[in-house]
Amino acid sequence: MNIYNICVLKILFFLSLSQANVIKQESDTCQQILGDELIREISSYGNVRDEIFRYVLEGEFKGKTYDELAKFVDKFGARPSGTEVLENSIDYMIELTRAEDINDIVTEELEVPHWTRGEERVTMLQPRVKNLSVLGLGRSVSTPPEGITAEVVIVTDFAELENSREEDIKGKIVIFDPVYTTYGETSVYRSQSATRASAKGAVASLVRSIAPFSIDSPHTGSQSYGQNVTQIPTAAITLEDADLIRRIINRGEKVILKIEMSSSYDTKISRNTIVDLKGRENPDSLVIVSGHIDSWDVGQGAMDDGGGLFVSWAAPVILKRLNLQPRRTVRSIFWTAEEFGLIGAYAYEEKHRDENHNINFIMESDEGTFAPLGLAVAGNQEARCIIAEILKLFESINATTLVEDDSPGSDIAVITRTGIPGASLHNDNERYFWFHHTAGDTMNVEDERELDLGSAFWTTVAYIIADISVDIPR
Ligand SMILES: *[C@@H]1O[C@H](CO)[C@@H](O)[C@H](O)[C@H]1NC(C)=O
Ligand SMILES: *[C@@H]1O[C@H](CO)[C@@H](O)[C@H](O)[C@H]1NC(C)=O
Ligand SMILES: *[C@@H]1O[C@H](CO)[C@@H](O)[C@H](O)[C@H]1NC(C)=O
Ligand SMILES: [Zn+2]
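Position one of the sequence shown corresponds to residue 1052 (my numbering), numbered consecutively onward.
Okay, here's the thing in structure tokens:
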């Protein structure tokens, strides 16, 4: 239990750091740092880019990322950590990759959380009877069988809770209705609200879903209990219901809810999957592309993170099919158990810590695979100049933007925080958090053309970084 708490705290830390800001690379500075020869070398990859783009956008691979993703998510649906479905989906990805005649595949086992949602019902009893749409949060404990019936206290933020008198919170259900700003800022109200409310004597906590938009859709997600608090049931309610209750209470009326929830928790063994397209000159040096294969238990996990999984699967596959073997190895990783706190990534980092010098660059797509716009990059200035120069090759698809981000991605933050340069896919994902962790995360969110652009972009970037004469400096 402990390790998971630590993990979740670390994510929160990363998310709060990732207040990304777009920079316009000072082109003179970069020009000086890189020198004419390297700039010429990078621009010479226009031919490879054209070859990959033709194959993926117009040729044999056109529509394939979408088709394979659809086959996968339609077959398995949601793939929660610790389930047999997740393990079967991992086996399927291995077979799919072997069918491409890529056989450098290993899996690495680790222990993962296995939290199973049972019945969940939240009913407003006063001032009128109404059923609320609800999703319990990860690791939430059950209510007693008869449920918990109590009056509601609604607070906007932690400061308001801390300033409340303990007797006003004791025995109550606390609802948090933070104003959604960014996911990174607002998601602490999902991950910590049970602990904070319990410390003040609350009997359950609910959170207004961490989302900018809603059609009565609750958004689940991870949370963890602090060490010394009573573990109270906790769930997400919809923006609509949270706002309704807020209005009722602001009018001076009393709201009474009944919460009935059940769940179970244990641990199971799962696997990270590692696929290598070995480099021709320096196979020990790695350029990693990645996405996570697990998902929440609602929806299909098509967007989070089926899209990232499949563009990362596509990179070695496309290179293999085009017989493009770069100098360094292109490694594709399918992370397990991301949703419960980057569990697979922590295990990988620990297991491979002694060979971390071999990671030349690490990439992840876990914030949508809508139209690619560029990369969010962690690294020193020289590293960012090299990536910015590579991104100039993607003007025809408008994917030239470099966002400076000290903690890009989700899983890979575990690696980049050790000083290894890396990037996440910067994409046109304004609607990402509409669907995130909901029953609406299905194939309908995905677009065939955008996935083709994503695969073409991801593959070309990985190839160039894996093939250029210089390592990405740290
Ligand atoms: C609430 O849901 C229950 C089933 O869980 C149903 O029996 C009841 O009629 C619903 N109440 C309202 C007011 O819709
Ligand atoms: C929990 O309580 C124990 C024993 O009282 C104490 O040593 C520990 O520091 C507490 N942990 C937290 C996170 O407050
Ligand atoms: C790139 O952006 C321009 C200007 O906004 C637009 O006309 C063009 O269609 C875009 N190209 C792609 C491939 O999206
Ligand atoms: Zn994800």
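Glycine included, every Cβ here is placed at the ideal spot set by N, Cα and C.
For K1402, the enclosing alpha helix (DSSP H) begins and ends at I1394 to K1402. Under the 8 Å Cβ criterion, the region 1440 to 1453 does not count as touching the region 1235 to 1242, having fewer than three qualifying pairs. Our two residues, N1323 and G1395, have alpha carbons roughly 6 Å apart in a direct line.
Residue environment for D1152: exposed (fewer than 16 other C-beta atoms within 10 angstroms of its C-beta). Between V1338 and F1412, the C-beta gap is smaller than 8 Å, which places the two residues in contact.
By the Cβ rule, the region 1313 to 1331 counts as touching the region 1164 to 1176, because three or more pairs are nearer than 8 Å. Under the Cβ criterion (8 Å, minimum of three pairs), the region 1356 to 1363 counts as touching the region 1413 to 1421. Counting the other Cβ atoms within 10 Å of the Cβ of A1517 gives 16 or more, which makes it buried. When distances are taken from the beta-carbon of R1168 to the heavy atoms of ligand 1, even the shortest one reaches 7 Å or more. By the CB criterion at 8 Å, V1230 and S1244 fall outside the cutoff. Judged by beta-carbon spacing, S1260 lies beyond the 8 Å limit of T1285, meaning their Cβ atoms are not closer than that value.
Between the beta-carbon of Q1282 and that of V1192 there is about 5 Å, and that keeps the pair under the 8 Å contact cut.
In summary, R1435 is buried, with 16 or more beta-carbon neighbours lying within 10 Å of its beta-carbon over all protein chains present. Remark: the C-beta of K1309 is outside contact range of ligand 1, defined as less than 7 Å to any heavy atom. Judged by DSSP secondary structure, P1164 falls within the beta strand (DSSP E) whose first and last residues are I1156 to Q1177. By the criterion of a C-beta distance shorter than 6 Å, H1488 is surrounded in its chain by H1270, T1271, G1272 and W1347, once the five residues flanking it on both sides are discounted.
Counting the other Cβ atoms within 10 Å of the Cβ of G1357 gives 16 or more, which makes it buried.
Straight through space, the alpha carbons of V1368 and T1134 are spaced by roughly 27 Å. A1490 and S1132 have their C-alpha atoms spaced approximately 17 Å apart. The continuous alpha helix (DSSP H) containing E1236 extends over residues Y1234 to T1237. In the DSSP annotation of this structure, P1423 is not part of any alpha helix (DSSP H); the continuous beta strand (DSSP E) holding it starts and ends at P1423 to A1429. The beta carbon of I1448 lies closer than 6 Å to those of L1504 in the same chain, with the five residues before and after it left out. For V1180, the shortest separation between its Cβ and any heavy atom of ligand 1 lies below 7 Å. Close CB contacts of P1178 within its chain, under the 8 Å cut and outside five residues either way in sequence, are with I1299, E1304, K1305 and V1306 (chain order).
One alpha carbon belongs to L1147, the other to R1172, and they sit about 40 Å apart. Here R1331 is exposed: its Cβ has fewer than 16 other Cβ atoms, across all protein chains shown, within 10 Å.
Ordered by chain, the residues meeting the criterion of a beta-carbon within less than 5 Å of a non-hydrogen atom of ligand 4 are D1355, D1356 and D1417. Scanning I1471, G1352 and I1463 for the CA closest to the CA of K1122 turns up G1352. In the three-state scheme derived from DSSP, where H, G and I count as helix and E and B as strand, Y1483 is classed as helix. With respect to the C-alpha of R1525, the residue from Y1117, G1277, N1409 and A1250 having the closest C-alpha is N1409. For V1107, the closest of S1520, S1461, E1501 and I1515 by C-alpha to C-alpha distance is E1501. For Y1514, the enclosing alpha helix (DSSP H) stretches over residues E1499 to D1518.
Note: E1202 is bridge-paired with I1307 in the DSSP secondary-structure output. With three or more CB-CB distances shorter than 8 Å, the region 1214 to 1231 counts as touching the region 1248 to 1255.
For W1347, the three-state secondary structure derived from DSSP is coil.
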